[in-house]
Amino acid sequence: MCGIAGWIDWNVEITGQRPVLKAMADVQYWRGPDAEGIWMSHRAGLAHRRLSIIDPEGGAQPMIRRQGERTLVIVYNGELYNMAELQRELERLGYTFATRCDTEVVLVAYAHWGPACVERFNGIYAIGIWDEQAQELFLARDRLGVKPLFYAPLENGLVFASELKGVLAHPAVRPEVDNEGLAEIFALGPGRTPGHGVFRNVYEVKPGWALLFDRMGLHHRQYWKLESRPHEDDLETTIATVRDLLEDTVGRQLMSDVPVCALLSGGLDSSAITAFAAQAFRRQGRPPLRTFSIDYVDNNVYFQPNAFQPTADGPWAERVADFLQVDRRIITLTPSAVADALREAVRARDLPGMTDVDSSLLLFCREIKKEATVALSGECADEVFGGYPWFHRKEALKADIFPWSLKMQERISVLHPDLVHHLQPEQYVRRRYREALDAVPRLPGENPQDARIREMFYLNLFHWMPVLLDRKDRMSMAVGLEVRVPFCDHRLVEYMWNVPWSIKMAGGREKGLLRVAMKGLLPEDALWRKKSPFPKTHHPDFARACRSALQEVLADPTSPLLPLIHRESVNKWLQAEGEFDIPWFGQLMRLPQLYAYLVQVDQWLREYRVQIL
Numbered sequence: 106m107c108g109i110a111g112w113i114d115w116n117v118e119i120t121g122q123r124p125v126l127k128a129m130a131d132v133q134y135w136r137g138p139d140a141e142g143i144w145m146s147h148r149a150g151l152a153h154r155r156l157s158i159i160d161p162e163g164g165a166q167p168m169i170r171r172q173g174e175r176t177l178v179i180v181y182n183g184e185l186y187n188m189a190e191l192q193r194e195l196e197r198l199g200y201t202f203a204t205r206c207d208t209e210v211v212l213v214a215y216a217h218w219g220p221a222c223v224e225r226f227n228g229i230y231a232i233g234i235w236d237e238q239a240q241e242l243f244l245a246r247d248r249l250g251v252k253p254l255f256y257a258p259l260e261n262g263l264v265f266a267s268e269l270k271g272v273l274a275h276p277a278v279r280p281e282v283d284n285e286g287l288a289e290i291f292a293l294g295p296g297r298t299p300g301h302g303v304f305r306n307v308y309e310v311k312p313g314w315a316l317l318f319d320r321m322g323l324h325h326r327q328y329w330k331l332e333s334r335p336h337e338d339d340l341e342t343t344i345a346t347v348r349d350l351l352e353d354t355v356g357r358q359l360m361s362d363v364p365v366c367a368l369l370s371g372g373l374d375s376s377a378i379t380a381f382a383a384q385a386f387r388r389q390g391r392p393p394l395r396t397f398s399i400d401y402v403d404n405n406v407y408f409q410p411n412a413f414q415p416t417a418d419g420p421w422a423e424r425v426a427d428f429l430q431v432d433r434r435i436i437t438l439t440p441s442a443v444a445d446a447l448r449e450a451v452r453a454r455d456l457p458g459m460t461d462v463d464s465s466l467l468l469f470c471r472e473i474k475k476e477a478t479v480a481l482s483g484e485c486a487d488e489v490f491g492g493y494p495w496f497h498r499k500e501a502l503k504a505d506i507f508p509w510s511l512k513m514q515e516r517i518s519v520l521h522p523d524l525v526h527h528l529q530p531e532q533y534v535r536r537r538y539r540e541a542l543d544a545v546p547r548l549p550g551e552n553p554q555d556a557r558i559r560e561m562f563y564l565n566l567f568h569w570m571p572v573l574l575d576r577k578d579r580m581s582m583a584v585g586l587e588v589r590v591p592f593c594d595h596r597l598v599e600y601m602w603n604v605p606w607s608i609k610m611a612g613g614r615e616k617g618l619l620r621v622a623m624k625g626l627l628p629e630d631a632l633w634r635k636k637s638p639f640p641k642t643h644h645p646d647f648a649r650a651c652r653s654a655l656q657e658v659l660a661d662p663t664s665p666l667l668p669l670i671h672r673e674s675v676n677k678w679l680q681a682e683g684e685f686d687i688p689w690f691g692q693l694m695r696l697p698q699l700y701a702y703l704v705q706v707d708q709w710l711r712e713y714r715v716q717i718l
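For the record, in the sequence shown the residue sitting at position 586 is 691 according to the working numbering, with numbers rising by one throughout.
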């Protein structure tokens, strides 16, 4: 994987702007610690940081391709999983290749098919291609948004980068946040409206969209979206199709010239990916697949089951690893390390995030990076197969709000009354929620219950899943680790979108279809284990560290957070005993995470020198 950046300007001589382009790339150093490159012409500059995965010798970027009078230059962050098929097709059309890397395949595909090339891609990617002859920039992002891509229009141009920090490194882009940006932070955060960059005039290329930028301005095109239609396969055919798609997807995503591993929690999702990967390793005569599991000091003492996290992962990860005969490594984190890494997690995400859910993943990835450069993860199965509690809880199904963020009153209570008046946070969230529902592709004649479930799937795929994909990308790439997510294969997502809820709930269980599709590949008890999310520390030292950190913020008269919060309410929560009955965000973020989130907001305001308009 890599970090990309670029600057197009119709008035500025870009050939004299190397320091700016280098700064935009260098702030993303850990996305690509292996190599760097800059290309410039009068009106365009592209910069790249490379993490070498395929063809380390031949894949340098920016990559240039000359086709007749055209000069095409690409910066690319991603993996093309159907690279071999596309290369063969292009070779039959008369093209030749000088490398073994997918970057060249993407560039040649663009040379031949133009912007429509992305419709042929199976992969994860953020792409920037400059056509020197046409004076035109092409930007595109993969269908599910696994790889990030942000941009900011300028008075006479545009800048783009993989991460917000790359865009903000340009001197014309200021770290300004208006009321809408504050509403994103305090009402939706750590979620985010698709396409919204939080900072004023900074945007995100939406998943499944492409942009063309020329002297006439920006032209947006959605090249992929889900289509609702009746599902005509019976149960047995559906089971076989899911199994075949998963096996093919995992096999494709094992391609690499550097060490590959799998993340194994012992849950159904990571175990399924590990099972297919281990099977492929055995077929290829490779050593046992290496897996990594996360644990926390004294979690066996302090773990407390609840409806969102019913069982600890450790024993189940061991059970699955033994069954699959993989090489299992356990990474154990301390509560103090997780708390200390909260600040580093903000720098990785460029925004306040999922607190210890972020920081623990960052530390986990840092240890994995010592032994591997590519990891396969079970992320996103819950969105595709319907595993989250809010698919099954009546209060979430009936709520007229995003189901992973039901405690709006508690969130609003920590805000200063003047800020509440200006932001209207509850109204803002409900407006975004209605906009999301308006975009759901309906199936005519569907009964109300199935129509509501279809809404839930759409909300999860396009408003919840991006939160987790952001987290996975930023925390892993912050240490130079590429994490792949087979459940985000668009063929699987398209197929599952129209599978009826009754089939998805095969056996009367959440993700029942995935469970029966994995029969024989996993231990039977692990196969039917109740869903449990990414593990977090339950050690009281973590809660104490978060409480102490927030108290320090409140005691600092220079804190930029203070004018935005209601001190009495925050103090009330600091003195509260126990926990929220349900998380205020997601599955894991309860009272200690509320403390930590406010601390992260304070840090973000300071370090990014945020100017509130």
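Idealized CB from N, CA, C, for every residue including glycine.
Here V406 is exposed. Its C-beta has fewer than 16 other C-beta atoms within 10 Å. When C-alpha distances from L586 are compared across C366, H527, A274, V451, the shortest belongs to C366.
Within the region 462 to 541, the complete alpha helix (DSSP H) runs of at least 4 residues fall at 486 to 490, 499 to 503, 513 to 518, 522 to 528.
In this structure, R148 sits near I113, with a CB-CB distance shorter than 8 Å.
Within the model, the alpha-carbon separation for Q133 versus I436 is close to 26 Å.
With respect to the C-alpha of L316, the residue from L242, N306, L259, E423 having the closest C-alpha is L242. Within the region 365 to 417, the complete beta strand (DSSP E) segments of 3 residues or longer fall at 365 to 368, 395 to 401, listed in chain order. With a beta-carbon spacing of about 6 Å, A631 and W421 fall inside the 8 Å limit used to define contacts. Given a length threshold of 4 residues, each whole run of the alpha helix (DSSP H) inside the region 555 to 613 is given here in chain order: 570 to 582, 595 to 602, 606 to 609.
P280 and R326 have their C-alpha atoms spaced approximately 28 Å apart. Note that the C-beta distance between I473 and P640 is not below 8 Å.
A straight line joining the alpha-carbon of F304 with that of R297 spans about 12 Å. About 4 Å separates the CB atoms of L369 and T396; that is less than 8 Å, so the two are in contact. Under DSSP, H301 forms a beta bridge with Y308.
Bounds of the alpha helix (DSSP H) holding Q656 are 645 to 660. Ranked by Cα distance from P253, the first of S267, Q240, G262 is S267.
Between G458 and Q705 a beta carbon distance of about 7 Å is seen, short of the 8 Å cut, so the two are scored as contacting. A straight-line Cα-Cα distance of about 16 Å links K127 and G233. Proximity of the region 426 to 436 to the region 259 to 278 falls short of the contact definition, fewer than three beta-carbon pairs being nearer than 8 Å. Straight-line measurement puts the Cα of A660 at about 21 Å from the Cα of L524. Residue state for I234 is assigned as strand, using DSSP reduced to three classes. Counting only the Cα atoms, D338 lies some 13 Å from W606. If you draw a straight line from the Cα of E423 to the Cα of A417, it is about 12 Å long. At a Cβ-Cβ threshold of 8 Å, H217 and L195 count as neighbours. Excluding five sequence positions before and after Y700, the CB atoms of its chain that fall closer than 6 Å to its own CB belong to C651, R652, L655, given in chain order. I344: member of the alpha helix (DSSP H) spanning 340 to 357, first to last residue. T120 has its alpha-carbon roughly 45 Å from the corresponding atom of E488. Rounded to the nearest whole angstrom, the CA to CA distance from S441 to F469 is 14 Å.
Between Y401 and R433, the alpha-carbon positions lie close to 16 Å from each other.
Separation of the CB atoms of F496 and M570 is rounded to 13 Å, and the pair is thereby denied contact status at 8 Å.
Contact between L351 and L597 is confirmed by a C-beta separation of about 7 Å, below the 8 Å threshold. Looking at M360, G613, V213, the one whose alpha-carbon comes closest to that of A382 is M360. Bridge partners of Q327 according to DSSP: W314. Under the DSSP definition of a beta bridge, H153 partners with I109, G142.
A direct Cα-Cα distance of roughly 15 Å separates R348 from H595. Looking at the backbone, the Cα of I670 and that of E682 are separated by about 21 Å.
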